[in-house]
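Each residue of the sequence shown is one higher than the one before, starting from 8 at the first, in this note's numbering.
Cβ atoms here follow ideal geometry from the backbone N, Cα and C, with glycine treated the same way.
Because the structure is a prediction, the values reported are computed rather than measured.
Okay, so here's the structure we're looking at.
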Amino acid sequence: MSTDVLCPALQAEGPKPLQARELARSLRSGSAALFPTDTLPALAAAPANAGQIWRLKQRPQDKPLILMAADRSQLQQALGQPWQPEWLEAAEVVWPGAVTLVLPASGPWAEALHPGGNSLGLRIPACEPARELLRLSGPLATTSANRSGEPAASSADQAAALFPTVPLLAPLPWPEAAGQASTVLAWSPRGWRVLRSGASLPDRLPLAF
């Protein structure tokens, strides 16, 4: 079945869907990208080029982005400090999956994705096409595919209509997803605090309400 039938918005002029290796090369060259996850479609860029995401979304830069990776080894140096045992235990429980962990962080990735902040949101999605891309591109700065304050795109077609100049991951159609944002858990000395209830809420973590 053709992508034109699957995604009418892709019939318009603009970037065609790219296979993972080609899209990873485009990301390394400075492009943004659209790709599926297990929750909602992601708008992404290499961390060094994260500024374009705020511009594309028309989003205030004080709203941080999420660093998404294919596996935990890609995130080993992301925080600028050693991982605490509690963080590693939580990562074992929730990843890959629809949970973002917000952890204390410093260094270049934290500054690129959360300017002026002291934390970084991390996630490994349970979506193999996304993880294949991330294995090739390295960790990416990500957010939902929508204009700031508007509903998030829930399909490749909607994402392409919102961002017609941004290349997206092939093949189409994308895998079925939850259609709901990830749950966001932030670390505190008392345990994990729910910043946003989303597609999945783990029951094996000590949550501090």
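- Taking the Cβ atoms as the reference, A166 lies roughly 4 Å from A152, within the contact range of under 8 Å.
- Beta-bridge partners assigned by DSSP to W194: W199.
- Between the region 157-177 and the region 45-53 there are three or more C-beta pairs closer than 8 Å, enough to call the two in contact.
- Nearest neighbour of L127 by Cα position, chosen from R35, T150 and R28, turns out to be T150.
- CA-to-CA, the gap between T190 and I131 works out to about 12 Å.
- Ranking A27, Q26 and A55 by CA distance to the CA of L147 puts A55 first.
- If you check the CB distance, A40 and L179 do not come in under 9 Å.
- Our two residues, G114 and W194, have alpha carbons roughly 18 Å apart in a direct line.
- Distance from the CA atom of W116 to the CA atom of R79, rounded to whole angstroms, is 15 Å.
- With respect to W199, P213 sits close: the two C-beta atoms are nearer than 9 Å.
- Apart from the 5 residues on each side of it in sequence, F170 sits with its Cβ closer than 7 Å to the Cβ of L41, L50, L63 and A152 in its chain, given in chain order.
- When rounded, the separation of the alpha-carbon atoms in A97 and R197 is 14 Å.
- By the CB criterion at 9 Å, A85 and A77 fall outside the cutoff.
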